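Number of protein chains: 2
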Amino acid sequence: MSDLLERLRERGWRLTAQRRVVAEVLNGDHVHLTADEVHARAADRLPEISRATVYNTLGELVSLGEIIEVSTDGRAKRYDPNAHRPHHHLVCSRCGTIRDVHPGGNPLDDLPAGERFGFTVSDVEVTYRGVCPECAAA
Amino acid sequence: MSDLLERLRERGWRLTAQRRVVAEVLNGDHVHLTADEVHARAADRLPEISRATVYNTLGELVSLGEIIEVSTDGRAKRYDPNAHRPHHHLVCSRCGTIRDVHPGGNPLDDLPAGERFGFTVSDVEVTYRGVCPECAAA
DNA sequence: TCCTACAATGGACTTTGTCCAAGTCAATAT
DNA sequence: ATATTGACTTGGACAAAGTCCATTGTAGGA
Numbered sequence: 000m001s002d003l004l005e006r007l008r009e010r011g012w013r014l015t016a017q018r019r020v021v022a023e024v025l026n027g028d029h030v031h032l033t034a035d036e037v038h039a040r041a042a043d044r045l046p047e048i049s050r051a052t053v054y055n056t057l058g059e060l061v062s063l064g065e066i067i068e069v070s071t072d073g074r075a076k077r078y079d080p081n082a083h084r085p086h087h088h089l090v091c092s093r094c095g096t097i098r099d100v101h102p103g104g105n106p107l108d109d110l111p112a113g114e115r116f117g118f119t120v121s122d123v124e125v126t127y128r129g130v131c132p133e134c135a136a137a
Numbered sequence: 000m001s002d003l004l005e006r007l008r009e010r011g012w013r014l015t016a017q018r019r020v021v022a023e024v025l026n027g028d029h030v031h032l033t034a035d036e037v038h039a040r041a042a043d044r045l046p047e048i049s050r051a052t053v054y055n056t057l058g059e060l061v062s063l064g065e066i067i068e069v070s071t072d073g074r075a076k077r078y079d080p081n082a083h084r085p086h087h088h089l090v091c092s093r094c095g096t097i098r099d100v101h102p103g104g105n106p107l108d109d110l111p112a113g114e115r116f117g118f119t120v121s122d123v124e125v126t127y128r129g130v131c132p133e134c135a136a137a
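Quick mapping for you: the protein sequence lines, in order, are chains H and G. Each step along the first sequence adds one to the number in numbering that gives the first Met the number 0, with nothing skipped, and position 84 is 83. Each step along the second sequence adds one to the number in numbering that gives the first Met the number 0, with nothing skipped, and position 100 is 99.
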């Protein structure tokens, strides 16, 4: 976390109060907040922060490779600070909860050359869907 | 295609001119149109069709399992009539072209029980990303 | 042919996100 | 400690994608 701010400063990132609170909000495992949720939590600490700044900052963090943009539902994009280790997502079809998962095997290997249509394939994104224990109990 | 309309009628679907053109537009392989694109093509044949009707019809076809909703870019959702055979998507990072692919293996098997967090996992969605031959040549 | 329940319409509204001109401030140099 | 300056922030207007609803129209059965 302060590692993150440290890394960013070394990259010449100008450290403002707004950027600091956004970076602080995006801390932890299984964090997948929408831009509006990030804005709400940031505003708890810094009431005058604007939506535009949150969008700008999230965009920069994505460009810098410090967070990952995820869209699991075709609605608001979510931001995942777990950019260090490659992983996939497990989404509850009922409540939308998201967990990071680390499956074995590389799905890229499952795509034979004959199914690549001449593409240079560089990445794969996997979303598992199911029902979480809480929703199953209810 | 007319198979589709036949199936829908058997299910009690009331067949209107609007629904017919929407179903006709969604015909073929590697078709992945946005709602607005479907509306534009439908309007070529039936100028007075409204956007709301296109959205309604697409929603119904999704519920009926006749088409699949895909969101590969966090922007407009796309609609894929290839709902019969399970498949994944190969997306060009530059131009956005989408191809259907049928990889070997079942990615569900790659998710060990220890990574399921108690979820009942029922489905998996895979998006491969890369550069298509046309964009690579340009 | 008539009825009626279901479907279509279009316009208002919501959500999510982008853009911009003007004001503000973090970091450096003095 | 202060001045400077270019990068950062702000708020509001704007745009894209989609939903909602009261009204009007019509498919398919009696």
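All C-beta atoms in this analysis are idealised placements derived from N, C-alpha and C, irrespective of residue type, glycine included. Note that the coordinates shown come from a computational prediction; the quantities given were computed from them, not determined experimentally.
Check, Outcome
"Listed by chain order, chain H residues near Cys131(G) by CB distance under 9 Å", "Phe116, Gly117, Phe118, Thr119"
"Proximity test, Cβ basis, 8 Å: Val37(G) and chain H", "no"
"His101(G) to Ser121(H) span [Cα, whole Å]", "17 Å"
"For Gln17(G), the nearest candidate out of Arg10(G), Thr33(G), Thr52(G), Arg40(G) (CA to CA)", "Thr52(G)"
"Beta-carbon neighbours of Arg98(G), restricted to chain H and to distances below 7 Å", "Phe116"
"Touch test, the segment 79-89 of chain H against the segment 78-96 of chain G, Cβ-Cβ under 8 Å, three pairs minimum", "no"
"Proximal residues to Tyr54(H) (C-beta, below 7 Å), its chain only, five neighbours per side dropped", "Ala34"
"Under 8 Å between C-beta atoms of Val20(H) and Arg44(H)", "yes"
"Per DSSP, the bridge partner or partners of Gly129(H)", "Cys91(H), Val120(G)"
"CB of Asp109(H) within 8 Å of CB of Gly103(G), strictly", "yes"
"Between the CA atoms of Thr15(H) and Arg77(G) - distance to the nearest angstrom", "39 Å"
"Residues that His101(H) contacts on chain G, provided the C-beta gap is smaller than 8 Å", "Glu114"
"Chain G within 8 Å of Arg128(H), Cβ atoms only", "yes"
"Neighbourhood of Cys131(G) by C-beta distance below 7 Å, restricted to the same chain and skipping five residues each side", "Cys91, Cys94, Thr96"
"Closer than 8 Å to chain G by CB, Pro80(H)", "no"
"Alpha-carbon to alpha-carbon, Leu25(G) and Ile67(G)", "11 Å"
"Proximity test, Cβ basis, 8 Å: Ser70(H) and chain G", "yes"
"Contact under 8 Å by Cβ, Leu57(G) with Val30(G)", "no"
"Listed by chain order, chain G residues near Cys91(H) by CB distance under 8 Å", "Phe118"
"Residue of Ile48(H), Arg74(H), Leu4(H) minimising C-alpha distance to Leu32(H)", "Arg74(H)"
"Val125(H) and Pro111(H) closer than 8 Å at C-beta", "no"
"Minimum length 4: unbroken alpha helix (DSSP H) runs contained in the segment 25-78 of chain G", "34-44, 50-62"
"Whole-Å CB distance - Gly129(H) paired with Leu89(H), under 8 Å assumed", "7 Å"
"Contacts that Val46(H) makes with chain G (C-beta to C-beta distance below 8 Å)", "A small correction: the amino acid at residue 46(H) is Pro; Val does not occupy that position in the sequence shown. Those within 8 Å of Pro46(H) in chain G number zero; the least Cβ separation is about 29 Å."
"Proximal residues to Ala42(H) (C-beta, below 6 Å), its chain only, five neighbours per side dropped", "Ile48"
"Extent of the continuous beta strand (DSSP E) to which Asp108(G) belongs", "That residue, Asp108(G), is in no beta strand (DSSP E); it is neither H nor E in DSSP."
"C-alpha gap between Tyr127(G) and Gly113(H), whole angstroms", "14 Å"
"Arg13(G) (DSSP reduced to helix, strand or coil)", "coil"
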